[in-house]
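Contents: one structure, followed by commentary.
Residue numbers (the numbering used here): 253 to 349.
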């Protein structure tokens, strides 16, 4: 990647993640992003012909717990870790553009 493209990609990617990158960190993250994309390119060259999706036993890795009905958590304890609240409701930032 050349410098302008790398800078553009890091700004775009940071924007998608809703991150603000200080100028002094842009080069670090651009380098890390470039290494990740290069690695993904290497993975794309691997021949997976004859390897079907799901070649492992999904049943052997089912770690989900049984779905059991339990009484609800008290509202006050649920709201204890809320960064912002209004009465008995969580307050969250607006993300609609």
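All C-beta atoms in this analysis are idealised placements derived from N, C-alpha and C, irrespective of residue type, glycine included.
Can you tell me where the alpha helix (DSSP H) with residue 437 in it begins and where it stops? Limits of the chain in this structure are 253 at one end and 349 at the other, which puts residue 437 out of reach.
Check whether the Cβ of residue 333 lies closer than 8 Å to any Cβ atom in chain C. This model lacks chain C altogether, as it is built from one protein chain only.
Within a Cβ cutoff of 7 Å, which residues of the same chain sit near residue 341, ignoring the five residues on either side of it in sequence? Numbered from its first residue, the chain shown carries residue 341 at position 89. Excluding positions up to five away in sequence, the list is empty.
Can you give the Cα-Cα distance for residue 346 and residue 296, rounded to whole angstroms? Position 94 of the chain shown, counted from the start, is the residue given in the question as residue 346. Position 44 of the chain shown, counted from the start, is the residue given in the question as residue 296. Going by the C-alpha atoms only, they are around 38 Å apart.
For residue 285, which of 262, 270, 303 has the nearest alpha-carbon? The residue you call residue 285 lines up with position 33 of the chain shown. That would be 262, whose Cα lies nearest to the Cα of residue 285.
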